[in-house]
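Below you'll find the structure, written out as structure tokens, and then a few comments.
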Amino acid sequence: MKAIEDFTLIGKTVLRREDSYLMRGKAQFLDDLPEPKGLIHLAFVLSPYACADILSVDASAAKALPGVIDVLTGKDLVGDIKTFAPVIEIEGYRDVRRPVVAVDRVNFVGEYVAVILAESPYVAQDALDLVEVDYDPLPAVAGIEEAEAAGAPVIHSHLGDNHIFRAAFETEDFDARFAEGDLVLEEEFRNGKTAGGMIEPRGCMAWPDPVATNFTLWTPTQIPHIVRTAIADHLDIPESVLRVVAPAVGGGFGTKAHVFPDELIVVALARRYGRAVKWVQDRRESLLTNMHARGHILHIKVSVKQDGTLCGVYLNLKTNCGAYPNHPYSPTLEATGCARMLPGPYRFQTYRYDVSSLITNTCPTGAKRGTGQPSAFLAIEGMMDRIGRRLGIDPAEVRRRNTVRPEEFPYVNVVGVRYDTGSYLPSLERGLEMIGYDAFRAAQPKDRLVNGKYRGIGICNYTEVSGTGAPGWRVRGFAKMPGFDSSRVVVEPDGKITVYVSQADAGQGHYTTFAQIAADRLGVACEDVTVVEGDTSKTPYGTGTFASRGSVVGGGTVIRCSEKVGVKIRRIAGYMLDADPERLVLKDGRVADPEDAGRSLSLREVAETAYSMNNLGLPQGEEHGLEATDYYDPPMVTMANGTHVVQVAVDPEDGRVEIERYAVVHDCGRVINPRIVEGQVHGATVQGIGEALMEEIVYDADGQHLNANLLDYLMPTAMDVPELELDHIETPSIDTVGGIKGAAEGGLTGAVPAIANAVGDALSGLGVNITRVPLRPSSVFEQIRRACTEKEGRA
Amino acid sequence: MILEGETLIPANRRIVWKALNDPEMLRACIPGCKSLDRQSDTDFTASVRAAIGPISATFGAKITLSEIEPDRGYTISGEGKGGAAGFARGKARVDLEDETGGTRLRYNADVNVGGKLAQVGSRLIQGTAKKLSEEFFGCLSEKLSGASAPDKAAPPSAPAVAPGRWLVWGALAIVVVIVLGWWIAG
Chain A
-3 MKAIEDFTLI GKTVLRREDS YLMRGKAQFL DDLPEPKGLI HLAFVLSPYA CADILSVDAS
57 AAKALPGVID VLTGKDLVGD IKTFAPVIEI EGYRDVRRPV VAVDRVNFVG EYVAVILAES
117 PYVAQDALDL VEVDYDPLPA VAGIEEAEAA GAPVIHSHLG DNHIFRAAFE TEDFDARFAE
177 GDLVLEEEFR NGKTAGGMIE PRGCMAWPDP VATNFTLWTP TQIPHIVRTA IADHLDIPES
237 VLRVVAPAVG GGFGTKAHVF PDELIVVALA RRYGRAVKWV QDRRESLLTN MHARGHILHI
297 KVSVKQDGTL CGVYLNLKTN CGAYPNHPYS PTLEATGCAR MLPGPYRFQT YRYDVSSLIT
357 NTCPTGAKRG TGQPSAFLAI EGMMDRIGRR LGIDPAEVRR RNTVRPEEFP YVNVVGVRYD
417 TGSYLPSLER GLEMIGYDAF RAAQPKDRLV NGKYRGIGIC NYTEVSGTGA PGWRVRGFAK
477 MPGFDSSRVV VEPDGKITVY VSQADAGQGH YTTFAQIAAD RLGVACEDVT VVEGDTSKTP
537 YGTGTFASRG SVVGGGTVIR CSEKVGVKIR RIAGYMLDAD PERLVLKDGR VADPEDAGRS
597 LSLREVAETA YSMNNLGLPQ GEEHGLEATD YYDPPMVTMA NGTHVVQVAV DPEDGRVEIE
657 RYAVVHDCGR VINPRIVEGQ VHGATVQGIG EALMEEIVYD ADGQHLNANL LDYLMPTAMD
717 VPELELDHIE TPSIDTVGGI KGAAEGGLTG AVPAIANAVG DALSGLGVNI TRVPLRPSSV
777 FEQIRRACTE KEGRA
Chain B
15 MILEGETLIP ANRRIVWKAL NDPEMLRACI PGCKSLDRQS DTDFTASVRA AIGPISATFG
75 AKITLSEIEP DRGYTISGEG KGGAAGFARG KARVDLEDET GGTRLRYNAD VNVGGKLAQV
135 GSRLIQGTAK KLSEEFFGCL SEKLSGASAP DKAAPPSAPA VAPGRWLVWG ALAIVVVIVL
195 GWWIAG
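Listed in order, the protein sequences are those of chains A and B.
Under this note's numbering, the first residue of the first sequence is numbered -3, with each subsequent residue one higher.
Under this note's numbering, the first residue of the second sequence is numbered 15, with each subsequent residue one higher.
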């Protein structure tokens, strides 16, 4: 491999080639695809109850509607599709399977009860009103505490209670070491359930070939290969007869990195009817039935010395699984993710956690940008501030005293995760400097009241898990998560390059960054590289695009694969030039011999030889063609890091939180394309502002979903976004190919705790204790009011 | 969700009570009511077509009266199912009391909505309840004032823009429990 120092295009801002069609509205999303003849349109009858027995389904009126082909219930599909469940192998996990359409019991509002097949989407919608379902409503549980309470209704009777997963971890002599601290602080943190919030709702379309033995499924997914494996498994068809294609995807954010029941259903119905089948959800269904995320209760206890250093940490985490485990991760994703990521940039080596996931009568939860990390850092970063307040040490100083020091890398954290490199302290210092932290603190009055508003500053010092490899998935129970990603790099006969990657872009800019990487490694212009992905028939198998893996694993495999092809290019060129292949250089679209300046070949000339398009033969033993395939399984995880420092003003009159200054320092190792990384940081930070201040899916005590619309599920708009002051630190990984670390989630992970801490700081003079997000004006106002009343009471 | 309120009706208590128990009167005034039939002394069934925005549905409802104190009040329980639009169910206590100028009606309803009604309409329920009740009671008041002479001189008729102040709140409770929620379906 060439030394990373001679990167030419990697590290440069290249404008995104995707934008030319995305910005002009030319992208082909699922619902823009041409529709095959004889297409069947689906609509799902959704359960209005959180828990009920289905007594009967009368579809006679719907079936009589002209244009309705059929109406199928769960019973009708039992023979077509196996009960649906992820493959999880970890102690403490208990299997829960679901019919893709409910058979005799519904367990959350929005669960599929029947599916309508019609000649047009309009008829399908009309028919929804004509299906009469007789339910016998049963008591429902929506919250974690209700689900684990004694005597709570047991949602899946074979479990005996509502626990689907429990795990525990404890370092040696935990109790003794924990007791070494001078004091113990504890707190309970909570976050609301949220949605991925992508602009394009989900949908899918399956198309059988004329004899209905081969199928193509178009679905806006981040994980086409995993979708194919899951469908083949649950429909009992060979993987070879199914092709899964992700068209342009209008945002994924982890929500689209799941396998969904409807994806199984459209393929099964295409098989049953021998016709193409399509379904597209609306906004309400998108918020109601796609995976939710968060909804955690974190009870944390820290033992500290008088100087603010941590002696030990205990975490009790409870997560809300929803009614069924998501596929392919199950609730272990957030549960183990949060507990294992909580140590973050800190040096403590005494840790114990107990995690549990509870089944409730709500929509299943799963992956969303950040996964367990915004929760983990809400807790540990919240404790850093509390330690500071309790001991009279500046919260930034508390962090300094606990952070892994530059000379300690590579560092193995308390749960055995290796931090190969990082800029934990430099990034903290830079963030503080950017926001003028010391001056702000010096000028900050004790009551925090400045010009009628409470002003405070909050810090989040975080690590960001990225590019998880096979061992990282196995340790968390993901028995069938490959971990690797792959690529095939082809030098075409005309010397142009095609790069096939096992990933699936959902807006991240893969078509630009992977082209940059291949062009860099093969010494050609970006424009000479075409990137193809999101199609199982064209790319080799791989894991897909989620959990900040695109650049680490996708980028890594494209580097490796390009270099493999480079070896063959040089071998053939060496033969043609009668030169030592080792010394040939790929540059400017040519293969040159630097020791003989006049001698070089164009890539096209080499390709023509490889494809037997001239009179030159190949060296002895050389095969025709000019391509390579690579499978790259990265390290267990690769840790990026960063720091957010936020200054807020809280208006006591209405409880509104205004972000006045926002500084982000970000270190994702080797940067491939700075502009794209900045876009990721901006987007994730804004999503974090949403989680911190406004977004929450609300269920009532009966499990009714009360805000499945974008008027009531509030997301940040341009009006809510402050100017983000960004700085990069580049500390390349020494473990990954190219030194790359991931960049997609840290913005969200950093934003939620930093904003919560800033509000907590602003209101600390009043004695308000911020433990829950989102911090909507109503809840902030209520907490201020209560604190003031208590103060008056004491006075 | 708790909905409560009170109003003064310019009719004597006996007439108000009668109206509250008159299916014909209710059928004529509940917006979108296709049928309302008395199944027994205490049970009604109703079918109401309701539409808000792009969504419309026909709701089948069962209504039961209990704790009946003639001319004084009753408790109404009901459940309405609107298929894809969801459901509404609840209970309302209605009390009538003599007062100068007519009858004071107080109601206290506890309403639960589910399905699409809850998902897209939760926050609109209070406002829509008010709007719909104004429409319903405007109609009822008009019919009442035409059909009977109150014991005392009737106050000047209410301006058309504010019929809500003349509400016959017993029937409001039915509307609140069974119909209002359905209006939220949009």
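Virtual Cβ for every residue (Gly too), placed ideally from N, Cα, C.
- Contact residues of the stretch 36 to 65 of chain A toward chain B are V41, L42, S43, P44, Y45 and A46 (C-beta to C-beta distance below 9 Å).
- Per the DSSP secondary-structure output, K297 of chain A pairs in a beta bridge with A:E182 and A:Y310.
- Per DSSP, the continuous beta strand (DSSP E) segment holding V641 of chain A begins and ends at T634 to V646.
- Boundaries for N398 of chain A: no beta strand (DSSP E) harbours it, while the alpha helix (DSSP H) harbouring it runs P391 to N398, taken from the DSSP string.
- The secondary-structure analysis by DSSP pairs T212 of chain A across a beta bridge with A:W203 and A:R239.
- Taking 8 Å as the cut-off, the Cβ atoms of A680 of chain A and G742 of chain A count as close.
- Boundaries for C456 of chain A: no alpha helix (DSSP H) harbours it, while the beta strand (DSSP E) harbouring it runs K449 to S462, taken from the DSSP string.
- Closest in C-alpha terms to N322 of chain A, from the list A:A266, A:G250, A:Y349 and A:L387, comes A:G250.
- Distance between G735 of chain A and V563 of chain A, taken at the CA atoms: about 21 Å.
- Among the residues of the stretch 132 to 151 of chain B, those with a Cβ less than 8 Å away from any Cβ of chain A are A132, Q133, V134, S136 and R137, in the order of the chain.
- When Cβ pairs closer than 8 Å are counted between the two stretches, the stretch 291 to 309 of chain A is seen to touch the stretch 338 to 353 of chain A, the count reaching three or more.
- Nearest in C-alpha terms to E176 of chain A, of all of A:R186, A:S299, A:M19 and A:M430, is A:S299.
- The Cβ atoms of R63 of chain B and T72 of chain B lie closer than 8 Å to each other.
- By the C-beta density criterion, V755 of chain A is buried, having at least 16 other C-beta atoms within 10 angstroms.
- Our two residues, E166 of chain A and L283 of chain A, have alpha carbons roughly 38 Å apart in a direct line.
- By the neighbour-count criterion, in which 16 or more other beta carbons inside 10 Å mark a residue as buried, Y320 of chain A falls on the buried side.
- Residue environment: T509 of chain A is assigned as buried (16 or more neighbouring CB atoms within 10 Å of its CB, all protein chains considered).
- Between L73 of chain A and chain B, the shortest Cβ-Cβ separation is not below 8 Å.
- Going by DSSP, P133 of chain A is part of the beta strand (DSSP E) stretching over E128 to P133.
- K787 of chain A counts as exposed, since fewer than 16 other C-beta atoms from the protein chains shown sit within 10 angstroms of its C-beta.
- Non-local C-beta neighbours of R545 of chain A in its own chain, meaning closer than 6 Å and more than five positions away in sequence, comprise G463, ordered along the chain.
- Looking at the backbone, the Cα of L265 of chain A and that of T625 of chain A are separated by about 35 Å.
- Leaving aside the five residues that flank R385 of chain A on each side, the residues in its chain whose CB is nearer than 8 Å to its CB run, in chain order, P391 and S760.
- The three-state secondary structure of V587 of chain A, taken from DSSP, is strand.
- Given a length threshold of 3 residues, each whole run of the beta strand (DSSP E) inside the stretch 640 to 722 of chain A is given here in chain order: 653 to 663.
- Looking at the backbone, the Cα of L387 of chain A and that of D381 of chain A are separated by about 10 Å.
- In terms of beta-carbon proximity, G46 of chain B stays away from the interface with chain A, with every pair separated by 8 Å or more.
- Counting the other Cβ atoms within 10 Å of the Cβ of H620 of chain A gives fewer than 16, which makes it exposed.
- Taking 8 Å as the cut-off, the beta carbon of F480 of chain A is found closer than this to the beta carbon of T539 of chain A.
- In the DSSP assignment, D109 of chain B falls within the unbroken beta strand (DSSP E) covering F101 to E113.
- Our two residues, K76 of chain B and N126 of chain B, have alpha carbons roughly 15 Å apart in a direct line.
- In the three-state reduction of the DSSP assignment, C359 of chain A falls in the coil class, being assigned neither a helical nor a strand state.
- Shortest Cα-Cα distance from T89 of chain B to any of B:A106, B:A102 and B:C153 involves B:A106.
- Contact between Y131 of chain A and D54 of chain A does not hold, since the beta-carbon distance rounds to 12 Å and is not under 8 Å.
- With contacts defined by Cβ atoms closer than 8 Å, N703 of chain A and V694 of chain A form a contacting pair.
- For I84 of chain A, the secondary structure class from DSSP, reduced to helix, strand or coil, is strand.
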